[in-house]
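Every position in the sequence shown, counted from 1, becomes a number in the numbering used here once 67 is added.
All C-beta atoms, glycine included, are put in the ideal place defined by N, C-alpha and C.
Bear in mind that the values here come from a model prediction, so they are computed numbers and not experimental data.
Contents: one structure, followed by commentary.
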Amino acid sequence: MIIKKLVLNSFHTNTYIVAEGGDAVVIDPAGNPALILAEIEKTVKEAKLKYILLTHGHFDHISAAADLKQMSGGLICIHENDEPMLSDADKSFAAFMPEEWKPCRADELLNDNDIVTVNDKFAFKVIATPGHSGGSVIYAVGDVIFSGDTLFEGSVGRIDGWSGNHYEQMNSLERIKAMQGNYRILPGHGDETTLEREKRSNPFLIDL
C-alpha cells in the first residue's frame, strides 16, 4: 500500500492519496484537484481513483471534492451526520473563509463500522468519532489510521463549529484510547504520529 501526503490550501490541510493494486483513494481533498490527479498518476501509473473519503464536512477538507469527482469519477463518501455540510456554506465554515469552495453531493453515506472496499487488496474501516463535528470519522486500513481533525499530534480538533460537541468528543477519544495496537496516525493537519505516542503524551488522552 502506497501513501502520499499533500499539504494544500492556506490552512495546510493534509490530503492523502492511498493506492494499491491499481486503484486509489483520496482522503480529504483540500484543493487543487489537478495536482491531486497528477500525483496519483505519478504514484501509480494509470491508477483509477475509486473513492473520495471525507473525514468530516468542514470546507478545508472538502473544497476539491466536487471537481475531483467530476474529473475522475471517484465516489464521494461521508458520514451521514455530516452530509448537510457538503452543500451548506455556513455549516461547513466556507462562508467565513476566503478559500474557493464548491458544494458537492455524497454518493455514499457512511456509518460506524462500515467497510469501504476498494479492491481485494485493501479496504477501509469507518470508525465514528463525533465531537469535532457530528459526523467526524477516522478511517483504519492495516496499521494506519487517517484521523482527520479528531486527533492530532499532541492535540485534538476544535468543537465550536456546527454539530461540534464536547461530550461526544470525550467519548470518541475514550474509544480511540481503548484501541489496541500501535497504529500510525495520519492527521488532517500537522505531522504523523502513533497511537502509542499519543496515549503517552497527548494531554487530551492522558486526562481521560
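Exercise for the section: Would you mind working out which of 156, 128, 138 and 134 sits nearest residue 145, comparing C-alpha positions? Expected result: Comparing Cα positions, the closest option is 128.
Practice task
State the DSSP-derived secondary structure class of residue 170, mapped to helix, strand or coil.
Solution key: coil
Problem - N- and C-terminal bounds of the alpha helix (DSSP H) containing residue 106 - result: 100 to 110
Practice task
Can you check DSSP and say which residues form a bridge with residue 206?
Solution key: Bridge partners of residue 206: 193 and 213.
Problem - Per-residue DSSP class, three states only, for residue 186 - result: strand
Exercise for the section: Hey, could you find the ends of the alpha helix (DSSP H) residue 226 is sitting in? Expected result: Where residue 226 is concerned, there is no enclosing alpha helix (DSSP H), given that its DSSP letter is neither H nor E.
Handout entry: Simplified DSSP state of residue 81, which is helix, strand or coil
Key = strand
Problem - Per DSSP, cross-strand counterpart(s) of residue 251 - result: 211 and 261
Problem - Start-to-end residues for the alpha helix (DSSP H) that takes in residue 132 - result: 132 to 139
Problem - Closest Cα partner of residue 175 within the set 117, 226, 245 and 188 - result: 117
Exercise for the section: Using a threshold of 7 Å, state whether the C-beta atoms of residue 201 and residue 148 are closer than that. Expected result: Going by C-beta atoms, residue 201 is nearer than 7 Å to residue 148.
Handout entry: Rounded C-alpha distance that separates residue 92 from residue 234
Key = 31 Å
Practice task
Let me know the secondary structure DSSP gives residue 233 once reduced to three states.
Solution key: helix
Handout entry: the segment 240 to 248 / the segment 129 to 141 touching (three or more Cβ pairs under 8 Å)
Key = no
Practice task
Please go through the same chain and pick out, in chain order, the residues whose beta-carbon is closer than 8 Å to the beta-carbon of residue 111, but skip the five residues on each side of it.
Solution key: Correct list, in chain order: 69, 86, 89 and 91.
Practice task
Count the CB pairs spanning the segment 97 to 107 and the segment 177 to 185 that are closer than 8 Å, and state whether there are at least three.
Solution key: no
Handout entry: CA nearest to the CA of residue 260, picked from 98, 77, 247 and 220
Key = 220
Handout entry: Reduced DSSP category for residue 244 - H, G, I as helix; E, B as strand; rest coil
Key = helix
Practice task
Check residue 155 in the structure and name its three-state DSSP category.
Solution key: Residue 155 falls in the coil class under three-state DSSP.
Practice task
Pull up the DSSP beta-bridge partners for residue 219, would you.
Solution key: 222
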